[in-house]
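Numbering (the working numbering), first residue to last: 12 to 215.
Encoded as structure tokens, the structure appears first; notes follow it.
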């Protein structure tokens, strides 16, 4: 993209080239809007540092509330879309709290109601995430079970972002710690940046 923009600027600055003769605005990157809906994982993430990690500019609206799950959000779509008129993509990073409250068909019902509520508001592409299993053992099995259910029953037309596999691959490779010593659920900055990188790769 930088090479393309440089060529455009050189052409615009060349002798005899007028503004009227050279309208290359259609080649410039469009400003995009992303809506991120989540729980405390998103709330504390600083947007997963995506605006810093991405080479492109975009507007990111983070709707992360401590304790929220799929059911909380499908009941509060006004809160999710407040100030966001027409997102180009919707990203859901939910599931950690669900694992402590819902399983099986009840979990899937909540996901489907959430999806239907989103579709009533927007036709934008929707990406669902498989949240990390955390380092907190009481919720790990629940998160993994619900992640498998979501993989096997992903709402039609949606895409999947596998955050859990990326985090586990890093930890199993002996990489730097992704969680602070005093919090086994919410990552440190390195962990959030890793997740942000995975999200960005999935939406480009």
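All C-beta atoms in this analysis are idealised placements derived from N, C-alpha and C, irrespective of residue type, glycine included.
Query                                                                                                                                                                         : Result
With a Cβ-Cβ cutoff of 9 Å, do residue 145 and residue 154 count as a contact?                                                                                                : yes
Measuring alpha carbon to alpha carbon, tell me which of 110, 179, 97 and 130 ends up nearest residue 72.                                                                     : 97
Please state the DSSP three-state secondary structure of residue 205.                                                                                                         : helix
Just list the alpha helix (DSSP H) runs in the stretch 126 to 206, keeping only unbroken ones of 4 residues or longer that don't cross its boundaries, in chain order.        : 148 to 163 and 174 to 183
Can you name the start and end residues of the beta strand (DSSP E) that residue 92 belongs to?                                                                               : Element bounds for residue 92: not the beta strand (DSSP E) but the alpha helix (DSSP H), 88 to 92.
Here's the rule: buried if 16 or more other CB atoms are within 10 angstroms of the residue's CB, otherwise exposed. What is residue 74?                                      : buried
For residue 122 and residue 148, I'd like the C-alpha separation in whole angstroms.                                                                                          : 24 Å
Short of 6 Å in beta carbon distance, which residues of its chain neighbour residue 92, apart from the five on each side in sequence? Order them along the chain.             : 132
Helix, strand or coil for residue 78? Go by DSSP, reduced to three states.                                                                                                    : coil
For residue 49, which residues from the same chain have a beta carbon less than 6 Å from its beta carbon, with the 5 sequence-adjacent residues on both sides left out?       : 75, 104 and 105
Excluding the five sequence neighbours on either side, which residues of its own chain have a C-beta within less than 7 Å of the C-beta of residue 68, listed in chain order? : 42
Give me the Cα-Cα distance between residue 57 and residue 203, rounded to the nearest whole angstrom.                                                                         : 8 Å
Is there a Cβ from chain C that is less than 9 Å from the Cβ of residue 50?                                                                                                   : Checking the listed chains, one finds no chain C in this structure; it contains a single protein chain.
Could you tell me the boundaries of the beta strand (DSSP E) in which residue 47 lies?                                                                                        : 43 to 49
Counting only the same chain and skipping the five closest in sequence on each side, list residues whose C-beta sits under 6 Å from that of residue 162.                      : none
When DSSP builds the beta bridges, which residues end up paired with residue 73?                                                                                              : 47
In the DSSP output, which residue or residues are listed as bridge partners for residue 103?                                                                                  : 48 and 139
From the DSSP output, in three-state form, read off residue 67 for me.                                                                                                        : coil
Between residue 54 and residue 181, what straight-line distance do the alpha-carbon atoms span, to the nearest angstrom?                                                      : 23 Å
Buried or exposed, going by whether 16 or more other CB atoms sit within 10 Å of the CB of residue 66?                                                                        : exposed
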